[in-house]
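Residue numbers (the numbering used here): 6 to 105.
All C-beta atoms in this analysis are idealised placements derived from N, C-alpha and C, irrespective of residue type, glycine included.
Here's what the structure looks like:
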């Protein structure tokens, strides 16, 4: 059996299709959430829809609000952070609510 790992859709070859494909997108998300909480984030709320994220997080105090996320491998325009665990340092997330 051969196993190929592609970290983003853009890295997946288009010249041939495999017999089977498995997509796992929870590792980065859960790692980032755990890292944010470990670094002192007050809470992390995950959203599948950017409009819903904006609507809900608008009610949070601006000094405690961190909007985070990416689309196509890049930080969403107007958001505070991408979705990298490296962004979740204590000086950035401590005492704040992170939405992603």
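Original post:
Rounded to whole angstroms, how far is the Cβ of residue 62 from the Cβ of residue 72, which I believe are closer than 8 Å?
Top reply: Residue 62 to residue 72, Cβ: 6 Å. Contact.
**OP:** Kindly indicate the opening and closing residues of the alpha helix (DSSP H) around residue 34.
**Re:** 31–43
Original post:
Does the distance from the CB of residue 102 to the CB of residue 60 come in under 9 Å?
Top reply: No. Outside cutoff.
Original post:
Counting Cβ pairs closer than 8 Å, one from the stretch 93–100 and one from the stretch 40–48, do we hit at least three?
Top reply: They touch, by the three-pair rule.
**OP:** With DSSP as the reference, please indicate the residues paired to residue 71 in a beta bridge.
**Re:** 103
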